[in-house]
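Visitor:
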Ligand SMILES: Nc1ncnc2c1ncn2[C@@H]1O[C@H](COP(=O)(O)OP(=O)(O)O)[C@@H](O)[C@H]1O
Ligand SMILES: [Mg+2]
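Numbering (this note's numbering), first residue to last: 8 to 269.
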């Protein structure tokens, strides 16, 4: 099973959007996927369900507080092949509790002991909550960092790379690999400047060849509780959000199998 943490120290760089849309893209390609929402803001959860209309009975807060195994909080979604371990505001309290306990960084990994039959888990993480991000990375096979091409974009990446190095070298999870960074909200008319490209090279960003173009339809996902695939279905014109994420998901699978995109 591939377990991917989607992380960055920066907020608003497209983490939740990427976690959900890569998962849904892979489900459309026939894979069985689970989205694990570790962010108290629960944006990924809100793209896949309406938690106000149907409040989740159990959430990942129960997992990080050590009350339930991950398998016990999984619920279905309306999207075939996509399951969800929902996040909720109680995660703030649950992570404080985890932080105060010995073994608090391995709560998620230890909650995975019930066998799960998914091809991919995508873990969405908050930018600032270090204990939640650490729990995700300790439980993962891979980490992916989305970023928007603006000033300071690579700060969020450097933090994640340092966290990975620390987790690997401390022996907490020596199989953890950085799978690359995905550029989102790319303005086709404004290419990365030479300086930014040099920064990306120096940061060993392992940039994906696939890019997610700027697309205002993504702004509707949380409020309408649906993904770009649903929003673009039946919409006229080019379905660029759907095709960008299908391409990125294909590249992600290729990278995981060890064949870098050309
Ligand atoms: N490709 C894109 N084009 C335009 N807006 C985007 C794109 N991807 C994400 N967004 C928007 O950017 C904002 C931040 O995205 P989000 O996934 O919530 O980031 P994070 O989880 O890192 O805070 C959201 O309003 C989202 O709809
Ligand atoms: Mg988010």
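Every residue, glycine too, gets a C-beta built ideally from N, C-alpha and C. All values derive from a computational prediction rather than experimental measurement.
Name the DSSP bridge partner or partners of residue 12?
Guide: Note: residue 12 sits in a beta bridge opposite 130 and 150.
Visitor: Per DSSP, which residues does residue 185 bridge with? Please list them.
Guide: DSSP output for residue 185 lists 150 as bridge partner(s).
Visitor: Taking the Cβ atom as the reference point for each residue, do residue 13 and residue 25 lie within a distance shorter than 8 Å?
Guide: Contact flag set, yes.
Visitor: Starting from the C-beta of residue 229, find all residues in its chain whose C-beta is less than 7 Å away, skip the five residues before and the five after it, and write them out in chain order.
Guide: Excluding positions up to five away in sequence, the list reads 50, 53 and 54.
Visitor: Spatial neighbours of residue 203 within its chain, please: CB distance less than 8 Å, with the 5 preceding and 5 following residues excluded, ordered by chain position.
Guide: For residue 203, where only same-chain residues beyond five positions count, the Cβ hits under 8 Å are 156 and 160.
Visitor: Identify whether residue 177 lies in helix, strand or coil by the three-state DSSP scheme.
Guide: The answer is coil: DSSP assigns residue 177 none of H, G, I, E or B.
Visitor: Can you give the Cα-Cα distance for residue 70 and residue 115, rounded to whole angstroms?
Guide: Computed Cα separation, rounded: 7 Å.
Visitor: Taking Cβ to Cβ, would you say residue 214 is nearer than 8 Å to residue 130?
Guide: No, the pair does not count as a contact, with Cβ atoms beyond the cut-off.
Visitor: By Cβ distance below 7 Å, which residues in the same chain neighbour residue 185 in space, the five residues on each side in sequence not counted?
Guide: Correct list, in chain order: 150, 168, 171 and 213.
Visitor: State the Cα-Cα distance for the pair residue 121 and residue 107, rounded to the nearest angstrom.
Guide: Looking at the two C-alpha atoms, the distance is approximately 25 Å.
Visitor: Measuring only the C-alpha atoms, how far is residue 65 from residue 153?
Guide: Those two C-alpha atoms are separated by around 28 Å.
Visitor: Within its chain, find whatever has a CB closer than 6 Å to the CB of residue 224; leave out the 5 residues flanking it on each side and keep chain order.
Guide: Correct list, in chain order: 235, 238 and 248.
Visitor: Measuring CB to CB, does residue 41 end up less than 8 Å from residue 101?
Guide: Result no, Cβ atoms of residue 41 and residue 101 do not sit closer than 8 Å.
Visitor: Please check the pair residue 125 and residue 17, which I expect to be a contact at CB under 8 Å, by giving their CB distance rounded to whole angstroms.
Guide: Rounded, the Cβ-Cβ distance is 28 Å, inconsistent with contact.
Visitor: Please report the residue range of the alpha helix (DSSP H) in which residue 23 lies.
Guide: 22-35 is the span of the alpha helix (DSSP H), which, as asked, contains residue 23.
Visitor: Among 254, 165, 75 and 62, which residue has its Cα nearest to the Cα of residue 83?
Guide: Taking only the C-alpha atoms, the option nearest residue 83 is 62.
Visitor: How would you write the range of the alpha helix (DSSP H) that residue 235 sits in, first residue to last?
Guide: Its alpha helix (DSSP H) spans residues 235-239.
Visitor: Can the beta-carbon of residue 34 be found closer than 8 Å to that of residue 80?
Guide: No, the Cβ-Cβ distance between residue 34 and residue 80 is not below 8 Å.
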